[in-house]
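Single-structure report; data block below.
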Amino acid sequence: MLTASARHILVDTEELCIELKDRINSGEDFTHLAKQYSSCPSKMQGGALGSFSQGQMVKEFDEVVFSAELNQLQGPIKTQFGYHLVEVTRRTD
1 MLTASARHIL VDTEELCIEL KDRINSGEDF THLAKQYSSC PSKMQGGALG
51 SFSQGQMVKE FDEVVFSAEL NQLQGPIKTQ FGYHLVEVTR RTD
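Okay, so the sequence shown: first residue is 1 according to the UniProt record's numbering, each after it adds one.
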């Protein structure tokens with residue numbers, strides 16, 4: 001079974017998502033920004049979602065997590081919950 005671990009930041013607007021992506025790409029800490037800005041309860045763990053199987057997350061999120069390169073910032077990804085920045089930290093078969 002294909003599984004992955006990822007961390008994310010969930011915000012309400014695409015503009016804020018892009019701003020946070022730029023800040024992370026400029027060297028700011030993902031974990032700190034997740035704790036400060038994310039609307040997901042995972043923000044308490046710096047955005048870490050733990051391990052999950054393919055198909056457990058909403059389609060748009062799942063497609064990115066199971067196709068993106070490891071440790072590369074992805075997003076904005078629009079889902080029914082808002083806009084996500086995602087970093088896949090591990091994937092196994």
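Beta carbons are placed, not taken as given, at the ideal position from N, Cα and C, and that holds for glycine.
*Secondary structure at Glu60, three-state DSSP: helix, strand or coil?*
helix
_Please report the distance separating the alpha-carbon of Thr31 from that of Gln72._
Annotation: Thr31 to Gln72 spans about 15 Å, alpha carbon to alpha carbon.
*How long is the line joining the alpha carbons of Pro75 and Val86, rounded to whole angstroms?*
It should be noted that the sequence gives Gly, not Pro, for residue 75. Cα to Cα, the separation comes out at about 6 Å.
_The alpha helix (DSSP H) that contains Leu49, what's its start and end?_
Looking at the DSSP string, Leu49 is not in any alpha helix (DSSP H); the run it does join, the beta strand (DSSP E), is Ala48 to Ser53.
_Looking at Leu33: is its Cβ nearer than 9 Å to the Cβ of Ser5?_
Going by beta carbons, Leu33 and Ser5 fall outside the 9 Å limit.
_Since Leu2 and Ser53 should fall inside the 8 Å C-beta cutoff, what is the C-beta to C-beta distance between them, to a whole number of angstroms?_
7 Å
*Of all the options Leu70, Ser38, Ser67 and Glu60, which has the alpha carbon lying nearest to the alpha carbon of Thr13?*
Ser38
*Closest Cα partner of Ser42 within the set Glu63, Thr92, Leu10 and Phe66*: Leu10
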